[in-house]
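These protein sequence lines are chains A and B, in that order.
Position 178 (the first sequence) corresponds to 181 in the numbering used here; numbering is contiguous.
Position 302 (the second sequence) corresponds to 305 in the numbering used here; numbering is contiguous.
Cβ coordinates follow ideal geometry from the N, Cα and C atoms, glycine included.
On a predicted model such as this, the values are computed, not experimentally measured, just so you know.
Report on one structure; see the data block that follows.
2 protein chains.
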Amino acid sequence: MTSSAAPAPPLALGIDFGGTSVKLGVCQGADLLQKAEPIPTKQFSGAKALLPEIEQTIAQLREKHPGIAAIGAGLPGFVNWETGRVHALTNVDGWEGINLKEELTASTGLPTVAENDANAMTYAEWRYGAGQGRDYLLAMTLGTGVGGGLVLGGELYRGATFGAGEIGQISIDYQGRVGGHGNFGALERYVGNGPFTDLAIEHYQAANQPQTAEACTPALVAQRAKEGDPIALGVWREVGQRLAIGLANVMWVLNLDCVVIGGGMAKADEILLGPLREHLESQMDPSFTQRLKIVHARFGNEAGIIGAAALAVDECLPARQS
Amino acid sequence: MTSSAAPAPPLALGIDFGGTSVKLGVCQGADLLQKAEPIPTKQFSGAKALLPEIEQTIAQLREKHPGIAAIGAGLPGFVNWETGRVHALTNVDGWEGINLKEELTASTGLPTVAENDANAMTYAEWRYGAGQGRDYLLAMTLGTGVGGGLVLGGELYRGATFGAGEIGQISIDYQGRVGGHGNFGALERYVGNGPFTDLAIEHYQAANQPQTAEACTPALVAQRAKEGDPIALGVWREVGQRLAIGLANVMWVLNLDCVVIGGGMAKADEILLGPLREHLESQMDPSFTQRLKIVHARFGNEAGIIGAAALAVDECLPARQS
């Protein structure tokens, strides 16, 4: 399933439905050949108004790239992968019950897949990214929220009702902070951007070197940590330890061999990954950690487009698959 | 894959390697036709001495049941399911690196599978037990320890190094009690037999009705709860809530449609399962819990034998599979 010795993969169009914009791009394997101008979601009142705009952009991209053979769309919600029906789209109105797969297949004549956006990102990292060659993989994004997706036994894992991979919701404290679903101790309340800044303020306060919230973003604290600031290093160590407990929970249950971490906070790289690995190893049997690779994601904001396109190729064009 | 309208499944021999004894039985689907006298593990010094004894018992059972067509063995440790090699057998000495699959195949001439014992139990509950018809299943045992196994997408899930399903080790408190692997907040330190008794003593103490540890076993507290004792009911409610957090962690990640609970503590049945379901539902999005079935295991101590035998039939005799 690697592309190294294989002929160039076919062209596919990837679509990433975000809360603020819809991004489209023409992909060939790991390469994003061309990106279209993003379509601002909020300027259109729901699916009915947005779809023609998307279809027009698709038509423009196909004019330039007539070889486009399939379309993949990543969506921020539950997607019934078998039927293409979309449920509970986060931050985007008017999509409930829409069958995007059927709509786009009908209007473009191209085979189409619709998939959860975290799953699309996961697929990109497994198929062409930092998780290539590993078949038991969690890919996660660390940012305002914490999301993720799974490849198990070399296949994208979706779960009984297409909701799998909600790593940000797992509890690391059964009596802890209340999360968005009334759940106690949700991981994203301990390692997301907001909690990171709160923790950094606390650490600097405790060291009698108070800092503002503006000075305590993950990016700025990472910069100070790289310059050797011991307080900044301590903040990242504590966040790494919290994250390790969340990941250990997944590891004990799934015995993975790869964790790919992306999103804004992952830019701290070894400042975060070092303490994370160390704490995870101190908490688990070596048989679980010896083969485990914890790495920075290869793809950034484009992972959703690339993954959706790759899925479209692999699911819709089996004859051409390497 | 159900046996209802199918012809009677072939006979298979199931073996359950426990810490104190090796149990053998002749199975036909869900039915345990005959059990052999258990072989006490500790009377034999390791694999070399124990194997001939097992082989003799197998020969005796085959004399009575000449139709036995395959052998399945469940072992308390990591089993490389592809090669049959056994690693890190818990509580049993002298098995490191033994290839039980090859040994038994050679001595009996029958196709053999070796599998982790929790996986064998899980397979029994999925194939013939309380989880029949559900393809995203966690089966767990609640006793002195807490163990489990997974069926995902209709297949036994083993993980990258055959260690998956260690539900008892997942953390419900990142700063909590230290478990057997140096890990903080391991679920089995909150819901196992010992922690249950500790919690019951606390509850009765707090109500000024002190009880001894002997009076606070799960079985006795369940009996009092069934008789309406509000303190006993409160103990089970708290244990159910702790367990719910552990299960929610698995649900968020895997989006299962069935949890089967066995082991001594599961005998409390609805006294435990009621609060467990209630707390789980209060902590999760309905899309995760609507289709979720949480049920008492069908098989007791015999789950390991039945599951190992069923696996042997399904893995070794594909032509006869229903």
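Would you grab the beta carbon distance between A:L14 and A:A39 for me? Rounded to a whole angstrom, and I think it's under 8 Å.
Here residue 14 of chain A corresponds to residue number 11 of the first sequence, with the count starting at 1. Here residue 39 of chain A corresponds to residue number 36 of the first sequence, with the count starting at 1. That pair is no contact at about 14 Å.
Taking A:F187 as the query, report the chain B residues whose CB atoms sit under 8 Å from its CB, ordered along the chain.
Numbered from 1 along the first sequence, position 184 holds the residue referred to as residue 187 of chain A. Chain B residues near A:F187: I248, Q286.
Taking its Cβ as the centre, do 16 or more other Cβ atoms sit within 10 Å of A:E85, making it buried, or is it exposed?
Indexing the first sequence from 1 puts residue 85 of chain A at position 82. The residue in question, A:E85, is exposed, as its Cβ has fewer than 16 Cβ neighbours within 10 Å.
Short check: CB of A:K26 to CB of A:P41, under 7 Å?
Residue mapping note: residue 26 of chain A aligns to position 23 of the first sequence, counting from 1. Residue mapping note: residue 41 of chain A aligns to position 38 of the first sequence, counting from 1. Result yes, Cβ atoms of A:K26 and A:P41 sit closer than 7 Å.
Would you mind stating whether A:S290 and B:T164 have Cβ atoms separated by less than 7 Å?
The residue given as residue 290 of chain A occupies position 287 in the first sequence. The residue given as residue 164 of chain B occupies position 161 in the second sequence. Yes, the Cβ-Cβ distance between A:S290 and B:T164 is below 7 Å.
Here's a check: name, in chain order, each residue in its chain whose Cβ is nearer than 7 Å to the Cβ of A:H282, leaving out the five neighbours to either side.
The residue labelled residue 282 of chain A in the question sits at position 279 within the first sequence. Once the five neighbours on either side are set aside, the close Cβ partners of A:H282 are G243, Q244, A247.
Just how far apart, CA to CA, sit A:W98 and A:T44?
Within the first sequence, the letter at position 95 stands for residue 98 of chain A. Within the first sequence, the letter at position 41 stands for residue 44 of chain A. A:W98 and A:T44: Cα-Cα distance of roughly 12 Å.
Would you list, in chain order, the members of the segment 293 to 318 of chain B that have their beta-carbon closer than 9 Å to a beta-carbon of chain A?
Flagged, chain order: Q293, R294, L295.
Does the Cβ of A:K104 have 16 or more other Cβ atoms within 10 Å, making it buried, or fewer, making it exposed?
Taking the first sequence and counting its residues from 1, the one referred to as residue 104 of chain A is at position 101. The residue in question, A:K104, is buried, as its Cβ has 16 or more Cβ neighbours within 10 Å.
Between the C-alpha atoms of A:A72 and B:E305, what's the straight-line distance to the nearest angstrom?
As a first step, residue 72 of chain A must be located in the first sequence, where it is residue number 69. As a first step, residue 305 of chain B must be located in the second sequence, where it is residue number 302. Rounded to the nearest angstrom, the two C-alpha atoms are 54 Å apart.
Can you tell me whether DSSP reads B:M4 as helix, strand or coil?
Mapped onto the second sequence, residue 4 of chain B falls at position 1. Note that B:M4 scores 48 on pLDDT, short of 50, meaning its location in the model is unreliable and no value can be drawn from it.
Terminal residues of the continuous alpha helix (DSSP H) containing B:E58?
If you number the second sequence from 1, residue 58 of chain B lands on position 55. Residues 50 to 67.
Which residue marks the beginning of the beta strand (DSSP E) containing A:V2, and which one marks its end?
Any property of residue 2 of chain A remains undetermined from this structure, which presents chain A solely from 4 to 325.
Measure the C-alpha to C-alpha separation of A:D19 and A:G171 and round it to an integer number of angstroms.
Counted from its first residue, the first sequence places residue 19 of chain A at position 16. Counted from its first residue, the first sequence places residue 171 of chain A at position 168. Cα-Cα distance, rounded: 21 Å.
Quick one: grab the DSSP three-state call for A:Y207.
Within the first sequence, numbered from 1, the residue matching residue 207 of chain A stands at position 204. Looking at A:Y207 - three-state DSSP - the assignment turns out to be helix.
Tell whether a beta-carbon distance below 7 Å holds between A:R137 and A:D288.
The count along the first sequence starts at 1 and reaches residue 137 of chain A at position 134. The count along the first sequence starts at 1 and reaches residue 288 of chain A at position 285. No, they are not a contact pair.
Which whole-angstrom value describes the C-beta separation of B:L140 and B:L153, a residue pair presumed to lie in contact below a C-beta threshold of 8 Å?
The residue given as residue 140 of chain B occupies position 137 in the second sequence. The residue given as residue 153 of chain B occupies position 150 in the second sequence. Confirmed, about 7 Å.
Pick from A:G150, A:P233, A:Q286, A:G156: whose alpha carbon is nearest that of B:G185?
Residue mapping note: residue 185 of chain B aligns to position 182 of the second sequence, counting from 1. Looking at the Cα atoms, A:Q286 is the closest of the given residues.
Mind checking who A:C30 pairs with in its DSSP beta bridge?
Numbered from its first residue, the first sequence carries residue 30 of chain A at position 27. Bridge partners of A:C30: A:A15, A:L35.
Between A:Y177 and chain B, is the shortest Cβ-Cβ distance under 7 Å, so that the two count as touching?
As a working note, residue 177 of chain A is residue 174 in the first sequence. So yes, A:Y177 belongs to the interface.
Provide the residue(s) that pair with B:F47 in DSSP beta bridges, ordered along the chain.
For the purposes of this step, residue 47 of chain B is identified with residue 44 of the second sequence, where counting begins at 1. For B:F47, which the question treats as bridged, DSSP gives no partner whatsoever.
What's the C-alpha gap between B:D120 and B:A76?
On the second sequence, position 117 is the one that residue 120 of chain B refers to. On the second sequence, position 73 is the one that residue 76 of chain B refers to. Each residue's alpha carbon lies about 8 Å from the other.
Just how far apart, CA to CA, sit A:M254 and A:Q178?
Sequence index remark: in the first sequence, residue 254 of chain A carries index 251 (1-based). Sequence index remark: in the first sequence, residue 178 of chain A carries index 175 (1-based). Between A:M254 and A:Q178, the C-alpha separation is close to 22 Å.
Taking only runs that begin and end inside the segment 93 to 148 of chain B, name each unbroken beta strand (DSSP E) of 3 or more residues, in chain order.
Runs found: 115 to 119, 139 to 145.
With 7 Å as the threshold, decide whether the Cβ of A:F291 is near any Cβ in chain B.
Indexing the first sequence from 1 puts residue 291 of chain A at position 288. Output row for A:F291: interface = yes.
Give a yes or no on contact between the segment 105 to 115 of chain A and the segment 264 to 277 of chain A, applying the rule of three or more CB pairs nearer than 8 Å.
In short, these stretches do not touch, since the Cβ pair count stays below three.
If you run the structure through DSSP and keep just helix, strand and coil, what is B:Q324?
Taking the second sequence and counting its residues from 1, the one referred to as residue 324 of chain B is at position 321. In this prediction, B:Q324 has a pLDDT of 44, which is less than 50 and means its spatial position is unreliable; nothing more can be read from the coordinates.
Report the three-state DSSP secondary structure of B:A189 (helix, strand or coil).
In the second sequence, the residue the question calls residue 189 of chain B occupies position 186. Of the three classes helix, strand and coil, the one that applies to B:A189 here is strand, per DSSP.
According to the neighbour-count rule (16 or more other Cβ atoms, all chains shown, within 10 Å of its Cβ), is B:A62 buried or exposed?
Residue mapping note: residue 62 of chain B aligns to position 59 of the second sequence, counting from 1. With fewer than 16 Cβ atoms within 10 Å of its Cβ, B:A62 is classed as exposed.
Mapping the DSSP letters down to three states, classify A:R180 as helix, strand or coil.
Translated into the one-based positions of the first sequence, residue 180 of chain A becomes position 177. Three-state result, A:R180: coil.
Determine the DSSP secondary structure at A:E158, reduced to helix, strand or coil.
Position 155 of the first sequence, counting from 1, holds the residue named residue 158 of chain A. In this structure, A:E158 counts as strand in the three-state DSSP scheme.
For A:Q31, count neighbouring C-beta atoms within 10 Å of its own C-beta (all shown protein chains included) and say buried if the count is 16 or more, exposed if not.
As a first step, residue 31 of chain A must be located in the first sequence, where it is residue number 28. Result: buried.
Determine the direct distance from the alpha carbon of A:L279 to that of A:Y193, and round the result to whole angstroms.
Against the first sequence, residue 193 of chain A aligns to sequence position 190. Against the first sequence, residue 279 of chain A aligns to sequence position 276. Each residue's Cα considered, the two are about 14 Å apart.
Would B:E99 pass as an interface residue toward chain A - the criterion being a Cβ-Cβ separation below 7 Å?
Residue mapping note: residue 99 of chain B aligns to position 96 of the second sequence, counting from 1. With 7 Å as the cut-off, B:E99 does not count as an interface residue toward chain A.
Report the three-state DSSP secondary structure of A:A311 (helix, strand or coil).
Residue mapping note: residue 311 of chain A aligns to position 308 of the first sequence, counting from 1. The answer is helix: DSSP assigns A:A311 an H, G or I state.
Mind pulling the chain A residues with CB within less than 7 Å of B:I264?
Taking the second sequence and counting its residues from 1, one reaches residue 264 of chain B at position 261. Here the premise fails: no neighbours, minimum Cβ distance about 16 Å.
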